[in-house]
Amino acid sequence: MDVKRRHFLKVSLGAAALISIPKIALASPSSARIIKFNNLHTGERLQSCYFDGQTFVKSELSKIDHICRDFRRNEIHPMDKRLLTQLSQIQRVLNTDAEIQIISGYRSPATNESLRAHGHKGVARKSLHMQGRAIDIRIAGVDIAKVHDAALSIKAGGVGYYPGSQFVHIDTGAVRSWHG
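Here the numbering used here is used: the first residue of the sequence shown is 27, the next is one more, and so on.
What follows is the structure, given as structure tokens:
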């Protein structure tokens, strides 16, 4: 095999491999990731450098778990790190570091059932909120339709669009989308 053909094959295989990498993997550069949160129910705010470029920062993850807690029962549950990566990727797509406004983060099974019993539409029986794998958000100053489009573009989990309630649901489940 001549050198030109070998080079062509290497480049082609490399390009094919890159194309097959999910966009979420590309959201993991070796740089620090800072995220700002505002829990709209509690009024709490947090700016966190949760990834230092090499590893997730445990003390910062604990702070994120706290701000994303089930505020109704004051129950804390670890949030999925992949969810944080998705949020950072969405912000990159939107070219913003604006505050992420939390509508709902972790939701205890009791709270989830209570919301369902009181007729809250869109509250799933087996909600990923109960596993810390989902969050309902807005991004300050960004049109909700743009947040929705950015979330869809990363193809990294579930995306629910609730324009009437002005939020987007993001989760680390299977790639899928719906309107509520």
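Here a beta-carbon is modelled for each residue, glycine too, at the ideal position from N, C-alpha and C.
Three-state class that DSSP yields for Gln-73 in the structure shown: Reduced to three states, the DSSP call for Gln-73 is strand.
Beta carbon of Thr-198 nearer than 9 Å to that of Gly-184: Taking 9 Å as the Cβ cut-off, Thr-198 and Gly-184 qualify as a contacting pair.
Beta-carbon proximity of Val-149 to Ala-177, cut-off 9 Å: For the pair Val-149 and Ala-177, the CB atoms are not nearer than the 9 Å cut-off.
Check whether Gln-127 and Ile-165 have beta carbons under 9 Å apart: In this structure, Gln-127 lies near Ile-165, with their beta-carbon atoms less than 9 Å apart.
Three or more C-beta pairs below 8 Å linking the stretch 90 to 107 and the stretch 68 to 75: The answer is yes - the stretch 68 to 75 touches the stretch 90 to 107, with three or more Cβ pairs under 8 Å.
Candidates Arg-98, Lys-62, Leu-109, Gly-79: closest to Ala-200 by CA position: Taking only the C-alpha atoms, the option nearest Ala-200 is Leu-109.
Whole-number beta carbon distance between Lys-152 and Gly-206, since they are thought to touch under 8 Å: Approximately 16 Å separates the beta-carbon atoms of Gly-206 and Lys-152; this is outside 8 Å, ruling out the contact.
Residues that DSSP places opposite His-195 in a beta bridge: Bridge pairing for His-195: Asp-162, Gly-186 [DSSP].
Residue closest to Ile-196, alpha-carbon to alpha-carbon, out of Leu-113, Lys-84, Asp-78, Phe-97: Looking only at Leu-113, Lys-84, Asp-78, Phe-97, the smallest Cα-Cα distance to Ile-196 is reached by Leu-113.
Straight-line gap, Arg-202 to Arg-133 (C-alpha atoms, nearest Å): Taking the straight line joining both Cα atoms gives about 21 Å.
Beta-carbon proximity check, Arg-59 vs Thr-111, cutoff 9 Å: Contact flag set, yes.
Short Cβ contact (9 Å threshold) for Lys-62 with Glu-125: Yes.
Rounded straight-line distance, which links the Cα of Asp-106 to that of Ala-182: Straight-line Cα distance between these residues: approximately 13 Å.
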